[in-house]
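Residues 1 to 416 in my numbering are what the sequence shown lists, from first letter to last.
Positions of the beta carbon are idealized from the N, C-alpha and C atoms, including for glycine.
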Amino acid sequence: MTFPIPVVSAPPGEETGAGLKDIQHYMRDGTLQLSALPPLSLYVHLPWCLKKCPYCDFNSHEAQGELPEQRYLDALMADLEASLPLIWGRTVHSIFIGGGTPSLFSPQAIDRLLGDIRARLRLEPDCEITLEANPGTFEKHRFKAFRSAGVTRLSVGVQSFDDRHLKALGRVHDRAQALAAVEEAAQAFDTFNLDIMYALPGQTLENLEQDMRQALALQPPHISIYHLTVEPNTYFAKYPPALPEEDVAYAMLDRITELTGVAGMDRYEISAYAKSGHRCLHNLNYWKFGDYLGIGAGAHSKLSFAHRVVRQVRFREPRLYMDKALAGTPVAQDHEVSRAELPFEFMLNALRLREGFKLQDFSDRTGLPLTAIQAGLDEAERRGLIERDFARVRPTERGFDFLNDLQMLFLDPDQS
Ligand code: SF4
């Protein structure tokens with residue numbers, strides 16, 4: 001549901017369906033020099049929802065009848081096993097089970113999934129394991145059962161506590177269900193996230209303030225807040241709703257930052273607010289340009305090797321994905337990120353963080369020299385969008401306000 005990784009799509013025409021290439025292909029000589037591989041996360045995509053929301057452009061599909069849980073889990077494990085040579089010997093720092101609506105899967109299925117993963121991968125002892133849940137799939141004790149299955153963090157897709165706005169968003173839950181779900185999440189988990197959206201159809205600044213006050217009254221350790229955007233190929237793109245004006249949306253964001261600040265939450269990333277000790281490690285790894293293996297329908301991966309950085313996408317349509325994964329060929333696209341693309345890809349993520357990034361991390365994660373971003377950094381500093389010292393670069397307040405402009409300074413001119 002939430003999508004914290006800004007992904008640059010593979011160039012058209014790269015849909016190969018050729019499956020995973022031989023490991024030697026990824027290990028061969030190349031022009032990048034990565035001194036060490038970054039931390040590795042695992043993303044698992046469970047693609048079904050009760051109903052497609054009109055604004056949603058994620059790879060989610062309406063569940064028709066019973067979910068093919070066992071076959072899908074078999075496919076995920078076939079996918080993982082085929083991918084193991086690419087991450088051999090590496091420890092997994094976090095797992096994120098996203099969707100779709102993963103909480104549609106039974107706790108028994110999540111238990112099997114995590115057991116199967118543990119049998120194949122070495123996990124950090126305190127590995128963060130997040131599961132996305134929707135209040136519409138909530139029933140008493142379900143969240144506790146996910147906790148018993150090994151999930152350590154729940155991300156609840158509330159979006160709003162206002163029945164009018166939930167209806168406008170086409171959500172299957174109402175305010176009462178959202179409140180009950182958050183209450184159980186708080187009882188079952190030491191840490192959890194609420195997903196909230198703003199700039200909703202018909203929403204006023206006062207409505208937003210009420211939503212935020214309600215959210216904060218529940219004392220969530222973490223909130224992710226997204227501006228509703230109308231994406232191509234969605235119902236809203238075809239039948240656009242009346243959305244608040246841009247200046248109202250800016251005022252809403254200012255209010256959100258103010259109210260979360262008063263509640264002791266730190267805006268550590270452009271859309272993420274956390275109490276001390278509750279930052280999302282999985283998402284931090286994306287934003288720090290770490291590696292992630294994505295398994296499941298339509299899942300994206302970013303994997304580093306000594307001389308290259310590779311992106312992969314799995315087949316999107318769930319049934320096709322299951323067939324392909326069970327046949328040992330889950331990968332639809334496999335593309336090597338070029339030297340020219342890497343600075344922008346790194347900045348697209350790293351500049352979302354309030355604390356920015358260490359210059360050394362740029363070289364370590366991209367295998368490129370710092371000269372590759374020198375001109376962009378000089379220009380960003382001249383415009384007051386970043387501040388830096390000899391070791392670190394941080395976006396300024398202005399840089400955060402004009403994040404797109406800042407990121408664009410690192411786009412290779414041939415690709416803009
Ligand atoms: S719940 Fe709605 S927004 Fe979330 S993935 Fe499903 S269809 Fe998309």
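- Item | Residues near asparagine 310 in its chain [Cβ-Cβ closer than 6 Å; skip 5 each side] | Taking the first residue of the sequence shown as 1, we reach residue 310 at position 310. First, the amino acid is wrong: residue 310 is valine here, not asparagine. For valine 310, where only same-chain residues beyond five positions count, the Cβ hits under 6 Å are Leu303, Glu336.
- Task: Report yes or no: do three or more beta-carbon pairs, one from the segment 284–299 and one from the segment 83–99, lie closer than 8 Å?
- Result: With the rule of 3 Cβ pairs closer than 8 Å, the segment 284–299 counts as touching the segment 83–99.
- Query: valine 151 by DSSP, collapsed to three states: which one?
  - Reply: On the sequence shown, position 151 is the one that residue 151 refers to. Judged by DSSP in its simplified three-state form, valine 151 adopts coil rather than helix or strand.
- Item | Beta bridge counterpart(s) of glutamate 128 as assigned by DSSP | Translated into the one-based positions of the sequence shown, residue 128 becomes position 128. Note: glutamate 128 sits in a beta bridge opposite Ser94.
- So the alpha helix (DSSP H) threonine 260 belongs to, where does it begin and stop? Counting from one through the sequence shown, the residue named residue 260 turns up at place 260. Start and end: 246–262.
- For glutamate 15, count neighbouring Cβ atoms within 10 angstroms of its own Cβ and tell me buried if that reaches 16, exposed if not. Residue 15 sits at position 15 when you count from the first residue of the sequence shown. Reliability fails at glutamate 15, whose pLDDT of 48 lies under 50, so the model's placement of it is uncertain and no value is given.
- Message: So for threonine 366, helix, strand or coil by DSSP?
- Response: Translated into positions along the sequence shown, residue 366 becomes position 366. Here DSSP, grouped into helix, strand and coil, assigns threonine 366 to helix.
- Query: To which residues of the same chain is glutamate 62 closer than 8 Å at the C-beta, ignoring the five residues directly before and after it?
  - Reply: In the sequence shown, counting from the first residue as 1, residue 62 sits at position 62. So the list reads Trp48, Cys49, Leu50, Lys51, Lys52, once near-sequence residues are dropped.
- Message: Judging by CA-CA distance, which residue of Gly264, Asp195, Met77 is the nearest neighbour of tyrosine 43?
- Response: To locate residue 43, count along the sequence shown from 1; it is residue 43. When each option's Cα is compared against that of tyrosine 43, the closest is Met77.
- With a threshold of 16 other CB atoms inside 10 Å of the CB of alanine 297, please say whether the residue is buried or exposed. The residue given as residue 297 occupies position 297 in the sequence shown. Buried.
- Task: Below 8 Å CB to CB, which residues in the same chain sit around aspartate 29 once its five sequence neighbours on both sides are set aside?
- Result: To locate residue 29, count along the sequence shown from 1; it is residue 29. The residues His307, in chain order, have a CB closer than 8 Å to that of aspartate 29 in the same chain once the five nearest residues on each side in sequence are set aside.
- To the nearest angstrom, how far is it from the Cα of glycine 277 to the Cα of glutamate 183? Walking along the sequence shown from the start, residue 277 turns up at place 277. Walking along the sequence shown from the start, residue 183 turns up at place 183. Between glycine 277 and glutamate 183, the C-alpha separation is close to 21 Å.
- Task: Return yes when the Cβ of proline 68 is within less than 8 Å of the Cβ of phenylalanine 236, no when it is not.
- Result: As a working mapping, residue 236 is identified with position 236 in the sequence shown. As a working mapping, residue 68 is identified with position 68 in the sequence shown. Between phenylalanine 236 and proline 68, the CB-CB gap reaches or exceeds 8 Å.
- Find the nearest neighbour of serine 148 within the set Asp323, Arg120, Leu253, Asp190, judged by alpha-carbon distance. As a first step, residue 148 must be located in the sequence shown, where it is residue number 148. It is Asp190.
- Best match in Pro107, Ser338, Gly264, Glu258 for proximity to phenylalanine 143 [C-alpha to C-alpha]: Position 143 of the sequence shown holds residue 143. Of Pro107, Ser338, Gly264, Glu258, the residue nearest in Cα terms is Pro107.
- Message: Going by DSSP in three states, histidine 307 sits in which element: helix, strand or coil?
- Response: Taking the sequence shown and counting its residues from 1, one reaches residue 307 at position 307. The DSSP-derived three-state label of histidine 307 is coil.
- Message: Could you check whether the segment 248–258 touches the segment 203–218, counting it as contact only if at least three pairs of C-beta atoms, one from each stretch, sit closer than 8 Å?
- Response: Counting Cβ pairs under 8 Å, three or more are found: they touch.
- Message: Please state whether the Cβ-Cβ distance between proline 395 and leucine 351 is less than 8 Å.
- Response: Counting from one through the sequence shown, the residue named residue 395 turns up at place 395. Counting from one through the sequence shown, the residue named residue 351 turns up at place 351. Closer than 8 Å, so yes.
- Report yes if the CB atom of isoleucine 117 is closer than 8 Å to the CB atom of valine 151, and no otherwise. Translated into the one-based positions of the sequence shown, residue 117 becomes position 117. Translated into the one-based positions of the sequence shown, residue 151 becomes position 151. It is not a contact, given that the beta carbons lie outside the stated cut-off.
- Query: Between which two residues does the alpha helix (DSSP H) carrying glutamate 317 extend?
  - Reply: Here the question's residue 317 lines up with position 317 in the sequence shown. Judged by DSSP secondary structure, glutamate 317 falls outside any alpha helix (DSSP H); it is assigned neither H nor E.
- Message: One question on the structure: do proline 135 and alanine 168 come within less than 8 Å of each other, judged by their Cβ atoms?
- Response: As a working note, residue 135 is residue 135 in the sequence shown. As a working note, residue 168 is residue 168 in the sequence shown. No, the pair does not count as a contact, with Cβ atoms beyond the cut-off.
- Residue range of the beta strand (DSSP E) that glycine 294 falls in? Position 294 of the sequence shown, counted from the first residue, corresponds to residue 294. That run of the beta strand (DSSP E) goes 291–296.
- Less than 7 Å between the CB of asparagine 404 and some heavy atom of the ligand SF4, yes or no? As a working mapping, residue 404 is identified with position 404 in the sequence shown. No, the ligand SF4 has no heavy atom inside 7 Å of this Cβ.
- Task: Kindly indicate which residue of Ile225, Ala109, Val393 has the alpha-carbon position closest to the one of glycine 157.
- Result: Indexing the sequence shown from 1 puts residue 157 at position 157. Answer by Cα proximity: Ile225.
- Message: What does DSSP give as the partner residue(s) for methionine 159 in the beta ladder?
- Response: Here residue 159 refers to the residue found at position 159 when the sequence shown is read from its first residue. The identity of residue 159 in the sequence shown is glutamine, whereas the question assumes methionine. Ile196.
- Item | Distance, glutamine 159 Cα to alanine 249 Cα | By one-based count along the sequence shown, residue 249 stands at place 249. By one-based count along the sequence shown, residue 159 stands at place 159. For the pair alanine 249 and glutamine 159, the Cα-to-Cα distance works out to about 16 Å.
- Message: Extract the residue ranges of the beta strand (DSSP E) inside the segment 201–232, only unbroken runs of 3 or more that lie entirely within it.
- Response: Qualifying beta strand (DSSP E) stretches, in chain order: 222–227.
- Message: Measuring straight from C-alpha to C-alpha, what distance separates alanine 325 and arginine 112?
- Response: On the sequence shown, residue 325 is found 325 positions in, with the first residue counted as 1. On the sequence shown, residue 112 is found 112 positions in, with the first residue counted as 1. Our two residues, alanine 325 and arginine 112, have alpha carbons roughly 18 Å apart in a direct line.
- Message: Can you list, in chain order, the residues of its chain with a C-beta nearer than 8 Å to that of proline 369? Leave out the 5 residues immediately preceding and following it.
- Response: On the sequence shown, position 369 is the one that residue 369 refers to. Close CB contacts of proline 369 within its chain, under the 8 Å cut and outside five residues either way in sequence, are with Ser363 (chain order).
- Item | Nonlocal neighbours in the same chain, by C-beta distance under 6 Å from arginine 122, ignoring five residues either side | Locating residue 122 in the sequence shown gives position 122, counting from the first residue. Only Thr91 meet the Cβ criterion.
- Message: Starting from alanine 109, trace the alpha helix (DSSP H) in both directions and tell me its first and last residue.
- Response: In the sequence shown, counting from the first residue as 1, residue 109 sits at position 109. 107–120 is the span of the alpha helix (DSSP H), which, as asked, contains alanine 109.
- Message: Please report whether the beta-carbon of isoleucine 223 lies at a distance below 8 Å from any beta-carbon of chain B.
- Response: Here there is only one protein chain, and chain B is not present.
- Message: Distance check for aspartate 378 and threonine 101, CA to CA, integer angstroms please.
- Response: For the purposes of this step, residue 101 is taken as residue 101 along the sequence shown, with counting starting at 1. For the purposes of this step, residue 378 is taken as residue 378 along the sequence shown, with counting starting at 1. Straight-line Cα distance between these residues: approximately 43 Å.
- Query: Taking the DSSP output, what are the residues bridged to tryptophan 48?
  - Reply: As a working mapping, residue 48 is identified with position 48 in the sequence shown. Looking at the DSSP assignment, tryptophan 48 forms a beta bridge with His61.
- Query: Say the cut is 7 Å; is the CB of lysine 288 nearer than that to a heavy atom of the ligand SF4?
  - Reply: Indexing the sequence shown from 1 puts residue 288 at position 288. Taking 7 Å as the cut-off, the C-beta of lysine 288 does not count as close to any heavy atom of the ligand SF4.
- Query: Buried or exposed: where does arginine 388 fall if 16 or more other Cβ atoms within 10 Å of its Cβ makes it buried?
  - Reply: Your numbering for residue 388 matches position 388 in the sequence shown. Exposed, since its Cβ has fewer than 16 Cβ neighbours within 10 Å.
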